[in-house]
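Everything below concerns the one structure shown next.
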Amino acid sequence: MGAGRSLRLRRAYLEELKDRAARLERAHAADTRAARAEERSRIARELHDVVAHHVSVMTVQAAAARRVLASDPDLAREALSAIEHTGRLAMAEMRNIVGVLRTDTRADARAELGPQPGVRDLPSLVEQMREAGLPTRLLVEGEPVALPAGVDLAAYRLVQEGLTNSLRHAGAGAEAVVTVRYEPYELDVRVEDDGRGAAQEMELSSPPGHGLVGIRERVALYGGILNIGPLPGAVSKCGRGSR
Numbered sequence: 032m033g034a035g036r037s038l039r040l041r042r043a044y045l046e047e048l049k050d051r052a053a054r055l056e057r058a059h060a061a062d063t064r065a066a067r068a069e070e071r072s073r074i075a076r077e078l079h080d081v082v083a084h085h086v087s088v089m090t091v092q093a094a095a096a097r098r099v100l101a102s103d104p105d106l107a108r109e110a111l112s113a114i115e116h117t118g119r120l121a122m123a124e125m126r127n128i129v130g131v132l133r134t135d136t137r138a139d140a141r142a143e144l145g146p147q148p149g150v151r152d153l154p155s156l157v158e159q160m161r162e163a164g165l166p167t168r169l170l171v172e173g174e175p176v177a178l179p180a181g182v183d184l185a186a187y188r189l190v191q192e193g194l195t196n197s198l199r200h201a202g203a204g205a206e207a208v209v210t211v212r213y214e215p216y217e218l219d220v221r222v223e224d225d226g227r228g229a230a231q232e233m234e235l236s237s238p239p240g241h242g243l244v245g246i247r248e249r250v251a252l253y254g255g256i257l258n259i260g261p262l263p264g265a266v267s268k269c270g271r272g273s274r
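Taking this note's numbering, the leading residue of the sequence shown gets 32, the next gets one more, and so forth.
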């Protein structure tokens with residue numbers, strides 16, 4: 032009698048262990064799927080920002096080349112060279128971003144990505160916009176400090192999206208100003224232009240473009256605030272956290 036009871040208890044104990052192991056395995060699989068989905072969403076957002084920006088620049092440069100092709104072949108060649116350079120930049124960035132898809136997608140997969148752009152790369156971005164036909168100035172206020180990688184990338188993408196919108200909507204003769212202000216425990220980033228009304232066009236667009244939605248998500252992720260309009264451009268505050 033006692034032996035039978037002991038055997039039943041042992042079987043129940045083993046069944047409980049198997050059930051617990053199965054639950055843990057299902058939970059682990061769910062966590063893995065969630066991490067994979069989050070990582071792929073991040074990659075998709077990065078790809079959108081890269082493609083939207085570079086294609087916009089290339090479109091403007093191609094239009095300029097077409098206009099002067101007959102009257103000024105040298106200027107047209109310069110525009111075509113700029114298109115080639117922009118295309119190479121886009122391909123390099125996309126290879127860097129998509130490379131993570133060729134590895135196991137894990138929660139720490141972002142560590143396998145190469146260096147991402149940041150505030151240090153804004154001078155190159157501003158120069159690219161000038162070459163595309165949008166006069167752009169970069170102002171840096173306060174003492175620059177090292178930023179967390181996520182905030183650094185978010186600030187760069189915000190400026191990239193803002194200047195891309197200015198290039199698309201501001202119109203001929205418009206100028207853009209990028210202001211990066213370092214404040215205690217905050218980073219204030221502004222993109223403004225004096226064009227014909229990009230903010231109004233963005234307000235009338237419904238639903239908002241994926242670029243602005245992505246920027247809003249980036250800024251919110253780091254406890255920041257995104258303001259768009261009424262002055263054409265975008266304003267953001269991204270908390271830097273304690274140093």
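In this text, a Cβ means the ideal position worked out from N, Cα and C, and glycines have one as well.
Helix, strand or coil for residue 213, going by three-state DSSP, please let me know.
Here residue 213 sits in strand by DSSP.
Distance between residue 93 and residue 110 (C-alpha atoms, nearest Å)
When rounded, the separation of the alpha-carbon atoms in residue 110 and residue 93 is 7 Å.
Going by alpha carbons, who is nearest to residue 169 out of 150, 196 and 125?
The residue from 150, 196 and 125 with its alpha-carbon nearest to that of residue 169 is 150.
Are the stretch 181–197 and the stretch 114–130 touching, with three or more C-beta to C-beta distances below 8 Å?
Touching, no.
Distance, residue 53 Cα to residue 180 Cα:
Distance from the CA atom of residue 180 to the CA atom of residue 53, rounded to whole angstroms, is 38 Å.
Measure how close the beta-carbons of residue 76 and residue 193 come, nearest whole angstrom, since I'm counting them as under 8 Å.
The Cβ separation is near 16 Å, so there is no contact.
Taking just the CA atoms, how far does residue 164 sit from residue 208?
Straight-line measurement puts the Cα of residue 164 at about 14 Å from the Cα of residue 208.
Compute the distance between the beta-carbons of residue 147 and residue 117, then report whether it is under 9 Å.
No.
Which first and last residues belong to the alpha helix (DSSP H) in which residue 206 is found?
Residue 206: not part of any alpha helix (DSSP H); DSSP gives it neither H nor E.
Anyone know if the C-beta pair for residue 254 and residue 214 falls short of 9 Å?
No, the pair does not count as a contact, with Cβ atoms beyond the cut-off.
Between which two residues does the alpha helix (DSSP H) carrying residue 174 extend?
In the DSSP assignment, residue 174 falls outside any alpha helix (DSSP H) and carries neither an H nor an E.
Identify, in the order they occur along the chain, each residue of the same chain with its Cβ nearer than 6 Å to the Cβ of residue 40, setting aside the five sequence neighbours on each side.
None.
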